[in-house]
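The sequence shown lines up with residues -11 to 407 when you count with our numbering.
The beta-carbon is built from N, C-alpha and C at its ideal position, and this holds for glycine as well.
Keep in mind that this is a model prediction, so the values were computed, not measured.
Read through the structure below, which is laid out as structure tokens, and then see the notes.
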Amino acid sequence: MQRIVVHPNGPLDGRVRISGAKNSVLKLMAATVLAEGTFVLRNVPALDDVRAMADLLRSMGLTVDHSGETLTVVRPAEIDPVAPYELVERMRASIVVLGPLLARLGQARVALPGGDDFGPRPIDMHLQSLERLGATFTTAHGYIEGRADHLVGTRLFLDFPSVGATENALMAAVLAKGETVIENAAREPEIADLAAFLNRMGASILGAGSPTITIEGVDELSPVEHEVIPDRIEAATFLAALGVAGGEIVLEGARPDHMDMLMQKLGDMGVRTSSHPDGVWGMARGRLGSTDVSTLPYPGVATDYKPLLVSMLSVADGVGIVAENIFSGRFRYVDELVRMGADIRTEDHYAIVRGVEKLSGAPVRAHDIRAGAALVVAGLGAEGETVVADAHHIDRGYDRFVEKLQALGAEVERQSGEG
Ligand code: EPU
């Protein structure tokens, strides 16, 4: 049992380096299935999810070595196109191996991921897109079996700009015959990073980062070296901590151009941010103001920012209305914040957050990565001690979270032990 113990203190002061983006590196690792040889990824964070993807690649026969921030993947000529349940259950994002396996091997057997703490997590758009490219699927015994003798480029219209469905379609289309156009594609910076990686491998992709991505299929791809983009959600987490605790910080390596909407929201709440020669600068003084939040696909306010913003709104001056438009069940952590004295009412996919002067430290539980980080942030603005249990969720997505907060002067420590 991992716990993070937080004591209120402030102001924060100093610099932290932002790690590589979890939600980019996992997909880049999946893309190594597409070409034989040795890949080198740089700026790769030490996260449980990266370890899970490494184990999945190893189970398929690839060799993965992660030392420091460099991850080397050797993809042999023969691999086993199976993603077993034990590994997919550990990390739902494993489903992104489906597209590359079908494109490169013409077959795949991937365990169905199932739901999680956000509610149901369907993969219908992933399967429909791959079917339109020529794959066929059967489902039996909790596994999807896919076959594709040859994939042929086509026009794909996504019902919703799903990140995972866009990535699976992209990684399949790069080796399909002819042109594929993905309309209503997800526009997240991690999609553009994946496209840059694939283009470096020899793919021909235009428009990634916009709603229309055009892919001209090629016959062969080759392994490459690539540096992963910085994690905008990790950067947002430190800015939320700044908002709650006050102070002045620099986030080294953060990309302000990936966080425009967030920086605007933070500005509405009284946190000043700007680009800095080394990344992003932030300063907060006094009590936060409140604002309304509505989560949307990029470039809107990311659903992953929302728990952090709710922690900030919990101690802001005024009322904030928060609408969750991406994952219906993503309000579970609210009950934990209420245990800390937050005044929040949830109704359907809305939360009404009435800021209180101070939260009150309490034992609480992390239900997922971002909710866990948001509780630690809330603890920085609470009177007394906050103990966040099940902190292993946080380790899925944050590299040295406690150490980085300590480097900014936060009074935070990790405890391991029974119960
Ligand atoms: N959806 C469908 N059908 C599909 C695919 C998605 O209905 O076939 C729905 C989902 O249920 C959800 C919405 O579409 O309501 C958006 O889901 P999306 O596919 O965009 O999300 P994802 O690819 O499963 C990634 C990130 C999440 C992040 C979301 C939204 C990774 C590994 N995960 O998930 O990150 O919240 O995009 O931006 O990239 C996290 O890092 O903690 C995390 C959960």
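Residue j beta carbon less than 9 Å from that of residue i
i	j	result
Leu35	Gly385	yes
Pro412	Gly49	This structure does not reach residue 412, given that the chain is present from -11 up to 407, and the question cannot be answered.
His(-5)	Glu399	yes
Pro110	Ser82	no
Asp43	Arg92	no
Phe319	Ala290	no
Ile170	Thr154	yes
Leu239	Gly258	no
Ala164	His138	yes
Asp37	Lys10	yes
Ile(-8)	Val375	yes
Val61	Leu29	yes
Met247	Val232	no
Ala196	Ala362	no
Ala350	Ala370	yes
Val85	Ala18	yes
Asn31	Leu368	no
Met328	Pro287	no
Thr279	Leu301	yes
Backbone CA spacing between residue i and residue j [nearest angstrom]
i	j	result
His114	Leu396	41 Å
Leu59	Val52	7 Å
Gly134	Ala96	5 Å
Ile314	Ala157	20 Å
Lys273	Val140	Per the sequence shown, residue 273 should be read as Arg rather than Lys. Those two C-alpha atoms are separated by around 56 Å.
Arg260	Leu276	11 Å
Ser12	Glu215	10 Å
Arg243	Gln252	14 Å
Thr20	Glu335	43 Å
Leu121	Thr142	6 Å
Leu118	Ala304	46 Å
Met(-11)	Gln403	8 Å
Asp112	Glu167	23 Å
Val310	Ala359	15 Å
Val322	Thr126	39 Å
Ser245	Asn187	The sequence as given places Asp at residue 245; Ser does not occur at that position. For Asp245 and Asn187, the distance between alpha carbons rounds to 22 Å.
Glu401	Arg80	29 Å
Gly56	His355	29 Å
Helix, strand or coil at residue i according to DSSP, with G and I counted as helix
i	result
Phe148	coil
Phe319	coil
Glu204	strand
Met79	coil
Val162	coil
Gly25	strand
Thr291	coil
Thr20	helix
Ser278	coil
Glu74	helix
Ile382	helix
Leu250	helix
Ala40	helix
Asp1	strand
Asp305	strand
Glu373	coil
Val390	helix
Thr142	coil
Ala157	helix
Gly8	strand
Leu296	helix
Unbroken alpha helix (DSSP H) run spanning residue i, endpoints
i	result
Thr225	220 to 233
His138	Careful: His138 lies outside any alpha helix (DSSP H) and carries neither H nor E.
Val400	Val400 -> not in any alpha helix (DSSP H); beta strand (DSSP E) instead, spanning 399 to 404.
Asp120	As written in the sequence, residue 120 is Arg, which differs from the Asp given in the question. Taken as a continuous stretch (DSSP letters only), the alpha helix (DSSP H) holding Arg120 covers 112 to 120.
Gly367	357 to 368
Arg92	86 to 93
Glu188	A quick correction: the sequence has Arg, not Glu, at residue 188. Here the alpha helix (DSSP H) through Arg188 covers 177 to 188.
Ala191	Taken as a continuous stretch (DSSP letters only), Ala191 belongs to no alpha helix (DSSP H), as it is neither H nor E.
Continuous beta strand (DSSP E) stretch holding residue i: start and end
i	result
Val331	A small fix is needed here, since residue 331 is Asp in this sequence, not Val. Its beta strand (DSSP E) spans residues 331 to 335.
Ala128	124 to 128
Asp53	51 to 55
Pro351	351 to 353
Met271	267 to 272
Glu213	213 to 215
His464	Outside the shown range of the chain (-11 to 407) lies residue 464, about which nothing can therefore be said.
Glu167	167 to 171
Ala339	338 to 342
Val61	58 to 63
C-beta neighbour in chain B for residue i, strict 9 Å
i	result
Gly195	Here chain B cannot be found, since the structure has a single protein chain.
Near the ligand GDP: residue i beta-carbon under 8 Å from a heavy atom
i	result
His(-5)	Questions concerning the ligand GDP fall outside what the structure shown contains, since the ligands it does hold are the ligand EPU.
Stretch pair the stretch 343 to 353 + the stretch 10 to 27: three plus CB contacts closer than 8 Å: no
contact_flag[the stretch 204 to 214, the stretch -3 to 6] where n(CB pairs < 8 Å) is 3 or more: no
The stretch 173 to 185 touching the stretch 193 to 208, judged by at least three CB pairs closer than 8 Å: Yes: at least three Cβ pairs fall under 8 Å.
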